[in-house]
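**Student:** Note that numbering that gives the first Met the number 0 has the sequence shown beginning at 0, numbered continuously upward.
Glycine included, every Cβ here is placed at the ideal spot set by N, Cα and C.
This is the structure I want to talk about, given as structure tokens.
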Amino acid sequence: MKKKITVIVSIISTVFVMAFALAACNKETKPGYTALSAQADVFKELNAKTADVGIMDYTMANYLLNRDSAMAKNLTIADVEFEKEYYGIAFRKAADGKYNALTDLVNQVLVELKDSKKYAEIAGEYGISAATLDLTYTAPSGEADNTELDYIKNKGKIVIGFTLNAPMALGSGDKTTGGFDTDLAKAVFAKISEKVKKTITVEFKLIDWSNKETDMQSTNIDCVWNGLTVTPARAAQWSLTMNYLENKQCAVIRKADKDKYNSYDALKKARIVAEDGSAGEDAAKEILGIK
């Protein structure tokens with residue numbers, strides 16, 4: 000009798016352990032969305048197998064995947080197409096009925112840099128020549144609001160909010176040491192300094208991407224220039240420059256899952272991560288039906 004009880008207890012224990020393991024497994028692989036503090040963290044999550052899919056900017060994903068690194072070697076871009084997007088540069092909104100003179104001046108200089116080949120040169124340095132656009136300047140109608148232009152002229156600098164978002168901004172800690180947007184911003188304000196006959200230095204301030212709106216409103220920063228996707232909501236909130244670079248979202252996955260996540264519908268069954276407050280987050284929530 001004692002032997003039978005021992006066997007029964009053993010069986011019950013085994014069943015319990017198996018059920019617990021199955022529940023843990025199901026919990027681990029349950030589809031859902033998790034916000035990350037930075038796009039670069041997508042690679043960490045995929046390598047740690049705490050996520051199945053990372054939605055991020057193609058410009059960054061392609062750049063990082065072409066680097067010879069341990070974080071990139073087991074990852075790839077899924078064969079799922081996303082809509083074309085564009086990057087713009089954000090400044091504070093002008094007064095009602097007017098246009099932001101600073102935004103307009105940046106547009107003019109961007110076209111001048113395109114014509115002088117400097118724009119193409121910087122893009123080539125960071126391997127994103129295919130994403131460049133044929134920039135054309137169109138003068139805005141109406142009256143100029145010089146508030147923001149006068150503001151940066153008076154203080155002699157512009158504070159640009161950025162995150163470490165390769166190849167737009169490279170570096171470590173809270174410093175950027177280069178990058179397409181970093182170098183382009185310096186080139187733009189070097190020319191603007193000549194035009195306004197006042198040296199305007201460029202200060203890059205590391206921000207939390209999800210707080211960029213608050214940072215702009217509080218004047219903690221004067222501009223967001225860091226692979227900012229143009230959206231109707233952002234165009235309504237800020238004064239945006241012309242589109243200056245092409246982009247799209249993409250799904251980064253482990254190479255071993257290439258056949259598993261090969262369609263939009265397949266992504267709906269995945270654990271998805273993206274940067275908090277990013278266009279990638281919008282895409283991830285749309286895939287999973289999250290409002």
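Under the three-state reduction of DSSP, which class applies to residue 148: helix, strand or coil?
**Tutor:** Position 149 of the sequence shown, counted from the first residue, corresponds to residue 148. In this structure, residue 148 counts as helix in the three-state DSSP scheme.
**Student:** What are the start and end residues of each continuous alpha helix (DSSP H) run of 4 or more residues lying completely inside the stretch 203-273, in chain order?
**Tutor:** Runs found: 211-216, 231-236, 263-266.
**Student:** Can you find at least 3 beta carbon pairs, one from the stretch 74-83 and one from the stretch 244-259, that sit closer than 8 Å?
**Tutor:** With the cut-off at 8 Å, the stretch 74-83 and the stretch 244-259 touch.
**Student:** At the level of alpha carbons, what is the spacing between residue 123 and residue 232?
**Tutor:** The count along the sequence shown starts at 1 and reaches residue 123 at position 124. The count along the sequence shown starts at 1 and reaches residue 232 at position 233. So the two alpha carbons sit approximately 31 Å from each other.
**Student:** In whole angstroms, give me the CA-to-CA distance for residue 74 and residue 266.
**Tutor:** Taking the sequence shown and counting its residues from 1, the one referred to as residue 74 is at position 75. Taking the sequence shown and counting its residues from 1, the one referred to as residue 266 is at position 267. Their backbone Cα atoms lie some 16 Å apart in a straight line.
**Student:** In angstroms, rounded to a whole number, what distance separates the CA positions of residue 65 and residue 261?
**Tutor:** Indexing the sequence shown from 1 puts residue 65 at position 66. Indexing the sequence shown from 1 puts residue 261 at position 262. Approximately 21 Å between the Cα atoms of the pair.
**Student:** Taking only beta-carbon atoms, is residue 207 less than 8 Å away from chain B?
**Tutor:** Absent here is chain B; the protein component of the structure consists of one chain.
**Student:** Between which two residues does the beta strand (DSSP E) holding residue 32 run?
**Tutor:** In the sequence shown, residue 32 corresponds to position 33, counting from 1. 31-35 is the extent of the beta strand (DSSP E) around residue 32.
**Student:** One question on the structure: do residue 147 and residue 99 come within less than 8 Å of each other, judged by their Cβ atoms?
**Tutor:** Here residue 147 corresponds to residue number 148 of the sequence shown, with the count starting at 1. Here residue 99 corresponds to residue number 100 of the sequence shown, with the count starting at 1. Yes. Within cutoff.
**Student:** Among all the DSSP beta bridges, which residues are the ones paired with residue 56?
**Tutor:** For this step, residue 56 is matched to residue 57 along the sequence shown. 248.
**Student:** Looking at C-alpha atoms only, which residue of 109, 183, 207 is the closest neighbour of residue 166?
**Tutor:** Taking the first residue of the sequence shown as position 1, residue 166 is located at position 167. Per the Cα distances, 183.
**Student:** Determine the direct distance from the alpha carbon of residue 279 to that of residue 210, and round the result to whole angstroms.
**Tutor:** Here the question's residue 210 lines up with position 211 in the sequence shown. Here the question's residue 279 lines up with position 280 in the sequence shown. So the two alpha carbons sit approximately 16 Å from each other.
**Student:** Give every residue of the same chain whose Cβ lies closer than 7 Å to the Cβ of residue 245, excluding the five residues on either side of it in the sequence, and list them in chain order.
**Tutor:** Here residue 245 refers to the residue found at position 246 of the sequence shown. So the qualifying residues of the chain are 83, 85, 130, 132.
**Student:** Less than 8 Å between the CB atoms is what I'm expecting for residue 125 and residue 178, so what's the real figure, rounded?
**Tutor:** For the purposes of this step, residue 125 is taken as the residue at position 126 of the sequence shown. For the purposes of this step, residue 178 is taken as the residue at position 179 of the sequence shown. Confirmed, about 7 Å.
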